[in-house]
Amino acid sequence: MNALAVEIPWGVLLAIKAVVILAVVPLGALVLGYTFLLKMMSHMQSRLGPMDPGGFHGWFQLIGDGIKFLQKEDIVPDEADRRVFALAPTVVVISTFLIFVVIPAGPRLQVANLDVGVFYALAVSSLSVIGVLMAGWASANKFALIGALRAAAQLIAYELPLLLAVVGVVIQAGTMSLQGIVSAQQDGAIFGWSGIGNPFILTQFVGFLLFLIAAQAELTQTPFDMPVAESELVAGYMVEYTGFRFLFFFIGEFGTATAFAALAATLFLGGWSIPGVHGTAADLLGPLVLVVKLMAVAFLMFWVRFTYPRLREDQLQALAWKVLIPIALVNVIITAIIKVAI
Amino acid sequence: MADSATLTSRITDALGDAVVDQGEARGTLVIRVRPDAWRSSAEILRRTLGFDYLSFIAGIDWMPAPVVGLVEGDTSTPAQPSDMTFGVAGSAGRFQVFAHVQSTAQHAGVTVRTDVEEADPRVESWVSVYPGADWHERECWEMYGFVFEGHPSLRHLYLPSEFEGHPLRKDFPLLAREVKPWPGLTDVEPMPGGDDEAGEEGTA
Amino acid sequence: MAKLPGLIGGLGITFKTMLKGAVTVQYPHEKEAPPTRARGVIALSEENCTSCMLCSRSCPDWCIYIEGHKEQRPPKREGGRPRSVNILDRFDIDYALCMYCGICVEVCPFDALFWSPEFEYSEPNIASLLHNKDRLGAWFATVPAPEPLEVGADSGKKK
Amino acid sequence: MSTTEQPTTPGFEVDPAAFRHLADAQVNVELDTGDMILNMGPQHPATHGTLRLVVRLDGERVIAADPVIGYMHRGYEKLTEFRTYPQVTTLINRIDWLSSFANEVPFVHAAEQLMEIEAPPRAQYIRTALTELSRIATFLLFLGEMGLQVGALTPAFYGFRDREHVLNLIEAATGGRFHPNFNRIGGLKDDLPWGWISETRNVMKIVLDACDVFEDLVVGNEIFQARTRSIGIIPGELGASYGVSGSNLRASGVDWDLRRDGAPYLAYPDLDFQVFTHPDGDSFSRYWVRLQETRESARMVLQLLDGMPAGPIMAKVPRIIKVPEGEAWVETENPLGQMGYYVVSKGATGPFRVKIRSASFSNVSILPWMLRGVYVPDVVTILASLYFILGDIDR
Numbered sequence: 000m001n002a003l004a005v006e007i008p009w010g011v012l013l014a015i016k017a018v019v020i021l022a023v024v025p026l027g028a029l030v031l032g033y034t035f036l037l038k039m040m041s042h043m044q045s046r047l048g049p050m051d052p053g054g055f056h057g058w059f060q061l062i063g064d065g066i067k068f069l070q071k072e073d074i075v076p077d078e079a080d081r082r083v084f085a086l087a088p089t090v091v092v093i094s095t096f097l098i099f100v101v102i103p104a105g106p107r108l109q110v111a112n113l114d115v116g117v118f119y120a121l122a123v124s125s126l127s128v129i130g131v132l133m134a135g136w137a138s139a140n141k142f143a144l145i146g147a148l149r150a151a152a153q154l155i156a157y158e159l160p161l162l163l164a165v166v167g168v169v170i171q172a173g174t175m176s177l178q179g180i181v182s183a184q185q186d187g188a189i190f191g192w193s194g195i196g197n198p199f200i201l202t203q204f205v206g207f208l209l210f211l212i213a214a215q216a217e218l219t220q221t222p223f224d225m226p227v228a229e230s231e232l233v234a235g236y237m238v239e240y241t242g243f244r245f246l247f248f249f250i251g252e253f254g255t256a257t258a259f260a261a262l263a264a265t266l267f268l269g270g271w272s273i274p275g276v277h278g279t280a281a282d283l284l285g286p287l288v289l290v291v292k293l294m295a296v297a298f299l300m301f302w303v304r305f306t307y308p309r310l311r312e313d314q315l316q317a318l319a320w321k322v323l324i325p326i327a328l329v330n331v332i333i334t335a336i337i338k339v340a341i
Numbered sequence: 254m255a256d257s258a259t260l261t262s263r264i265t266d267a268l269g270d271a272v273v274d275q276g277e278a279r280g281t282l283v284i285r286v287r288p289d290a291w292r293s294s295a296e297i298l299r300r301t302l303g304f305d306y307l308s309f310i311a312g313i314d315w316m317p318a319p320v321v322g323l324v325e326g327d328t329s330t331p332a333q334p335s336d337m338t339f340g341v342a343g344s345a346g347r348f349q350v351f352a353h354v355q356s357t358a359q360h361a362g363v364t365v366r367t368d369v370e371e372a373d374p375r376v377e378s379w380v381s382v383y384p385g386a387d388w389h390e391r392e393c394w395e396m397y398g399f400v401f402e403g404h405p406s407l408r409h410l411y412l413p414s415e416f417e418g419h420p421l422r423k424d425f426p427l428l429a430r431e432v433k434p435w436p437g438l439t440d441v442e443p444m445p446g447g448d449d450e451a452g453e454e455g456t457a
Numbered sequence: 016m017a018k019l020p021g022l023i024g025g026l027g028i029t030f031k032t033m034l035k036g037a038v039t040v041q042y043p044h045e046k047e048a049p050p051t052r053a054r055g056v057i058a059l060s061e062e063n064c065t066s067c068m069l070c071s072r073s074c075p076d077w078c079i080y081i082e083g084h085k086e087q088r089p090p091k092r093e094g095g096r097p098r099s100v101n102i103l104d105r106f107d108i109d110y111a112l113c114m115y116c117g118i119c120v121e122v123c124p125f126d127a128l129f130w131s132p133e134f135e136y137s138e139p140n141i142a143s144l145l146h147n148k149d150r151l152g153a154w155f156a157t158v159p160a161p162e163p164l165e166v167g168a169d170s171g172k173k174k
Numbered sequence: 111m112s113t114t115e116q117p118t119t120p121g122f123e124v125d126p127a128a129f130r131h132l133a134d135a136q137v138n139v140e141l142d143t144g145d146m147i148l149n150m151g152p153q154h155p156a157t158h159g160t161l162r163l164v165v166r167l168d169g170e171r172v173i174a175a176d177p178v179i180g181y182m183h184r185g186y187e188k189l190t191e192f193r194t195y196p197q198v199t200t201l202i203n204r205i206d207w208l209s210s211f212a213n214e215v216p217f218v219h220a221a222e223q224l225m226e227i228e229a230p231p232r233a234q235y236i237r238t239a240l241t242e243l244s245r246i247a248t249f250l251l252f253l254g255e256m257g258l259q260v261g262a263l264t265p266a267f268y269g270f271r272d273r274e275h276v277l278n279l280i281e282a283a284t285g286g287r288f289h290p291n292f293n294r295i296g297g298l299k300d301d302l303p304w305g306w307i308s309e310t311r312n313v314m315k316i317v318l319d320a321c322d323v324f325e326d327l328v329v330g331n332e333i334f335q336a337r338t339r340s341i342g343i344i345p346g347e348l349g350a351s352y353g354v355s356g357s358n359l360r361a362s363g364v365d366w367d368l369r370r371d372g373a374p375y376l377a378y379p380d381l382d383f384q385v386f387t388h389p390d391g392d393s394f395s396r397y398w399v400r401l402q403e404t405r406e407s408a409r410m411v412l413q414l415l416d417g418m419p420a421g422p423i424m425a426k427v428p429r430i431i432k433v434p435e436g437e438a439w440v441e442t443e444n445p446l447g448q449m450g451y452y453v454v455s456k457g458a459t460g461p462f463r464v465k466i467r468s469a470s471f472s473n474v475s476i477l478p479w480m481l482r483g484v485y486v487p488d489v490v491t492i493l494a495s496l497y498f499i500l501g502d503i504d505r
């Protein structure tokens with residue numbers, strides 16, 4: 000267990016953690032962007048997607064795009080509130096970085112094991128809407144403004160089902176620490192059989208679906224992509240952004256998608272854990288297991304994104320308040336009753 | 254399709270003394286009405302006769318286009334007769350406005366037209382009868398300069414608001430054809446086959 | 016088929032399509048052959064052209080420019096009359112103006128103009144789209160042979 | 111899958127639904143905000159072309175909308191006066207560029223009527239087949255495009271993918287993918303190439319399959335239905351008085367199809383086909399009607415291929431075409447609606463006056479009425495469901 004336990008000065012540890020977090024977000028954005036946006040979507044649409052850059056199936060395309068964005072002129076509209084305009088993409092990206100702080104990739108591979116990990120992750124993720132609002136307001140563009148206001152309205156509607164969906168998991172695991180939730184699933188048993196542990200997707204399937212739906216809204220992906228709705232609002236709050244600022248939004252979008260996929264994998268699929276694998280082996284295998292589970296969740300999210308049309312803002316509100324929240328509440332109550340009963 | 258003779262008599266009976274003349278455009282009835290009965294004719298056509306569908310409203314300028322700088326042997330522009338002739342239902346002068354209305358239930362259509370004075374081109378608007386007349390009349394107004402009385406807002410439809418002139422009048426030149434010399438004018442060979450009229454195009 | 020909820024049926028369709036393989040043709044690497052009738056570019060057979068101007072005149076866009084002059088040639092046989100021959104000095108088609116209607120090819124009475132399905136002649140400069148008679152003549156090698164017609168076509172009128 | 115069933119929206123009444131959003135706003139009167147003018151277009155993804163919409167918004171609700179057209183006005187009615195009859199067909203190809211072949215037919219037909227010639231039966235059949243093919247091509251694009259406007263990316267690609275097969279057929283026969291210029295006064299330029307008929311049979315299978323895919327992927331999708339049902343209702347009578355035609359009018363319950371009800375033209379009298387109507391008149395019913403018509407067109411093409419007569423494809427026509435003096439009005443059922451040409455000839459080689467009655471122009475002119483009281487996202491679905499081509503509006 001302590002084979003890896005070399006004493007590392009806290010300063011160096013902090014630096015390592017910062018570097019890891021800084022690397023994970025763009026990397027996640029890159030992997031998800033490439034796998035799903037470029038390749039899966041293309042194939043679902045009978046296309047190949049980019050094939051040339053980098054030689055093998057165009058793997059270099061997104062990196063090339065990133066480099067291209069860095070070379071682009073940084074355009075700030077005349078009427079824009081320049082400082083807010085410049086700050087907005089950073090706010091969005093920072094909220095993404097902050098989520099990864101609590102996501103565990105192994106028994107010890109976690110930047111910070113907060114006792115209120117779940118609570119922290121969901122709270123931090125909703126910060127991004129502030130960036131979106133800033134972007135929409137500061138762009139001095141009516142399309143951007145409408146998009147930003149839609150995003151804000153959407154957040155209010157969807158934060159609640161998202162939280163309530165997780166409450167079931169929290170009740171079942173008896174902890175809000177993500178590490179605790181993972182080990183509850185790893186060491187759990189289904190009616191005494193512990194072959195696959197007890198992934199909460201089985202007991203909390205309704206919660207899992209609610210979480211995915213709400214996450215879809217949180218990520219402004221179809222069918223809830225009204226804030227960016229390219230056929231109505233052109234690109235919503237991003238409409239005036241160019242170059243590296245747009246790149247920030249892109250990283251933010253796919254980075255957050257990675258984060259939510261990881262969160263869902265952790266909460267419902269057992270995260271990094273494989274039943275029976277503990278200690279150093281888990282530390283080594285954990286990241287890989289997490290990535291596999293994360294990709295599976297992300298596949299679901301993007302599959303829906305590329306298949307469905309978009310709802311209208313009022314329909315989304317109706318769905319959230321009239322359907323999802325009641326279901327989530329019932330789910331919480333049933334979970335609580337069973338928990339108390341057993 | 255309604256029997257064309259009955260249709261004609263039904264329409265002319267209903268329109269009464271508004272009818273000035275009538276003719277036929279290859280199977281389509283053309284009725285020319287008095288200018289002061291233009292709107293009331295529409296009213297009758299729609300409310301009494303059930304022509305509920307407005308196909309189009311358009312203008313026509315019967316004046317032959319003035320020949321500007323036409324060179325000998327230029328076959329690119331179709332040479333229209335140089336004297337002013339009018340269509341199947343006749344006309345009092347250069348301008349006419351014509352419209353086609355149809356009945357979706359009776360599967361029949363009729364073209365109505367009326368004269369427009371050249372000095373003071375005014376016509377009654379159909380917007381109150383057929384709301385779809387709005388855009389057609391705006392188009393007609395900017396293309397021919399006809400003023401549709403009773404139209405809510407005669408604004409430019411296609412052309413920029415500072416545009417001057419009425420492009421579909423025959424005396425409005427087509428600049429594209431005047432700034433460039435016709436390339437077909439150098440050294441003319443006699444056409445093969447000699448006689449132009451008799452040949453057959455065939456399946457080239 | 017059984018009526019699944021539309022939301023799930025839709026997912027099935029996209030998933031099936033994903034497994035089916037793409038229809039993309041990776042253009043510069045692989046090319047689709049256009050049908051033989053495709054109106055790609057107009058080829059000129061210079062020796063057939065008598066500079067009769069028929070194509071130039073029937074062009075709706077006035078984009079064919081022809082210049083020619085007559086030359087006297089010695090008679091073919093002894094004692095015959097000297098022949099007058101049309102020499103083509105210039106035959107330009109401005110593809111920036113051309114509408115690809117094919118009227119010129121059709122009216123040509125001497126079989127001097129042909130359609131070729133070639134399409135790769137885009138230019139960064141609009142002025143370079145004016146093809147002169149050498150360039151038009153070079154396309155002639157790419158003109159396909161006329162294809163057979165469908166059953167029931169009037170055989171008497173075949174080319 | 112049954113094609114004759116015509117779904118209705120239960121409890122549907124025209125007026126309250128059309129003004130439902132207005133009623134909502136009445137409740138929220140104390141939350142009223144100032145109006146905002148939003149300029150959509152001329153470059154906007156929803157206007158697929160250069161239509162400009164100036165909408166006055168209260169929040170996301172449209173108070174008034176003013177379409178601004180003319181960004182692509184090319185003055186075809188003027189240009190036709192400077193061209194000969196064969197040259198005009200090249201121009202009118204470019205009016206509705208997605209179904210150019212269907213554009214040529216009424217004009218050529220008008221000239222033929224004036225010259226009192228008739229194209230041979232084989233030419234009529236081929237013309238009809240190509241017209242229906244261009245209808246399929248246009249509608250396949252619509253079926254996908256509408257999905258895109260509602261926010262689903264994927265159907266658009268399916269639309270483009272399957273339309274490609276149809277365009278290949280049109281190109282193989284005419285030589286032009288989009289601008290065939292294949293009709294001649296008195297017939298056609300050329301006969302069909304070898305193998306075209308069997309190839310077309312294969313493609314029609316693909317088209318019918320594609321229709322099933324759209325049925326499941328788009329029509330069956332609950333989100334799509336939520337977005338389009340009882341949105342953008344055109345009452346039939348009002349639509350007719352605006353000159354709305356084609357599938358748009360049939361989706362409002364007006365049973366009127368010029369292929370069946372107009373003056374007989376092409377081979378349509380020989381064909382057995384069904385005209386679809388839908389009682390609702392909303393965006394969904396416009397989509398539904400077009401989907402059914404795509405299927406029906408594919409069946410009509412198959413019928414035409416089976417009955418294709420042998421024989422010549424050109425009537426006797428003088429080499430230089432001079433059209434005798436007279437007037438002719440020919441209207442046809444084009445993919446977008448009623449397309450007509452009022453041709454006035456004075457006996458010259460070119461027309462004296464051509465009035466081009468294009469479908470989209472009238473279809474779009476109802477927009478100011480339709481858009482009052484809807485939300486911004488509905489503007490997009492209404493525009494998409496009306497299905498217009500800018501070239502067909504601006505001419």
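As given, the protein sequences belong to chains A, B, C and D, one line each in that order.
Counting from 0, one number per residue, gives the positions in the first sequence under my numbering.
Counting from 254, one number per residue, gives the positions in the second sequence under my numbering.
Counting from 16, one number per residue, gives the positions in the third sequence under my numbering.
Counting from 111, one number per residue, gives the positions in the fourth sequence under my numbering.
Just so it is clear, CB atoms sit at the ideal spot from N, CA and C, and this is done for glycine as well.
Legend: CB atoms of the region 174-186 of chain D lying less than 7 Å from CB atoms of chain C are not found in any residue. With 16 or more neighbouring CB atoms inside 10 Å of its own CB, asparagine 213/D falls in the buried class. Just so you know, the alpha carbons of phenylalanine 386/D and valine 215/D end up roughly 23 Å apart.
Using a Cβ-Cβ cut-off of 8 Å, methionine 39/A is close to Met33 of chain C, given in chain order.
Residues of the same chain with a CB within less than 8 Å of the CB of phenylalanine 348/B, apart from the 5 flanking positions on each side, are Gly312, Ile313, Asp314, Trp315, Asp368, Val369, Glu370, Glu371, Pro374, Tyr397, Phe399 in chain order. For serine 455/D, the three-state secondary structure derived from DSSP is strand.
Between the alpha carbons of phenylalanine 35/A and arginine 369/D lies a gap of roughly 46 Å. When rounded, the separation of the alpha-carbon atoms in valine 317/D and tyrosine 375/D is 25 Å.
In the DSSP assignment, aspartate 274/B is bridged to Arg285/B. Phenylalanine 471/D and valine 101/A have their C-alpha atoms roughly 59 Å apart. Legend: CB atoms of the region 215-228 of chain A lying less than 8 Å from CB atoms of chain D belong to residues Thr221, Pro222, Asp224, Met225, Ala228. Scanning chain A for C-beta atoms nearer than 7 Å to the C-beta of phenylalanine 394/D yields nothing, as the closest lies near 12 Å away. In this structure, glutamine 413/D sits near phenylalanine 383/D, with a CB-CB distance shorter than 9 Å. Boundaries cannot be given for isoleucine 141/C, as no alpha helix (DSSP H) includes it and DSSP labels it neither H nor E.
At the C-beta level, alanine 175/D and arginine 405/D stay beyond 9 Å of one another.
For methionine 33/C, there is no enclosing beta strand (DSSP E); the enclosing alpha helix (DSSP H) covers residues 21-35. Along the region 414-428 of chain B, none of the residues has a CB nearer than 7 Å to a CB of chain C.
Residue burial annotation: methionine 418/D is buried, with at least 16 other C-beta atoms found within 10 angstroms of its C-beta. Secondary structure at valine 341/B: coil, using DSSP grouped into helix, strand and coil. Contact between the region 266-286 of chain B and the region 360-367 of chain B is established, with three or more Cβ pairs separated by less than 8 Å. About 7 Å separates the beta carbons of serine 293/B and alanine 271/B, which is inside the 8 Å limit, making them a contact pair.
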